[in-house]
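Number 114 marks the last residue of the sequence shown (the numbering used here); no jumps.
For each residue, glycine too, the CB sits at the ideal point set by N, CA and C.
A short worksheet on the structure shown next.
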Amino acid sequence: MTHWPLRRVAVNGDSMRPALEPGDRLLVVRFPRLRPSPGDVVAVVDPREPNRVLVKRVTDVDADGRVTVVGDNPAASTDSRTFGAVDAGLVLGRAFYRYWPQARRGRLRE
């Protein structure tokens with residue numbers, strides 16, 4: 005089985021507004037090539053629903069490697085404030101590029 009270093013993810017919901025809009029499509033570089041750092045926008049497996057991928061921002065990585073992730077729009081986000089810090093193994097990678105919609109295509113800023 006081949007493991008590609010990139011993955012595509014879609015933004016669902018309003019939790020990352022205003023930085024990301026529902027329907028935005030992102031390229032994510034997979035970990036362990038890069039380790040999550042505070043400020044990174046990451047794709048993370050929802051610890052409550054393992055078939056669901058969330059897009060959130062890292063606010064902290066503790067000494068045990070657990071990652072705190074939150075949405076930029078707290079009123080619309082279910083994140084570490086609800087389910088706690090997540091195991092680093094649930095973090096799929098760092099989002100670095102929005103490829104859709106074309107009008108907003110480009111590298112993501114922290």
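Residues bridged to residue i (per DSSP)
i      : result
Asp64  : Thr72
Val90  : Val71
Tyr101 : Leu31, Arg111
Leu96  : Its beta-bridge partners do not exist; DSSP assigns none.
Leu58  : Val48
Nearest-angstrom beta carbon gap, residue j and residue i [assumed within contact, 8 Å]
i     : j      : result
Arg85 : Val71  : Not a contact, Cβ separation roughly 14 Å.
Leu31 : Phe100 : 6 Å
Leu96 : Ala47  : 4 Å
Boundaries of the beta strand (DSSP E) in which residue i is found, first to last residue
i     : result
Ala14 : 10 to 14
Ala47 : 45 to 49
Short CB-CB distance (under 7 Å) between residue i and chain B
i     : result
Thr86 : Here chain B cannot be found, since the structure has a single protein chain.
Would you check if the segment 89 to 106 and the segment 32 to 50 touch, i.e. whether three or more CB-CB distances between them fall below 8 Å?
yes
Using 8 Å as the threshold, is the segment 18 to 29 in touch with the segment 47 to 67, meaning 3 or more CB pairs across them?
yes
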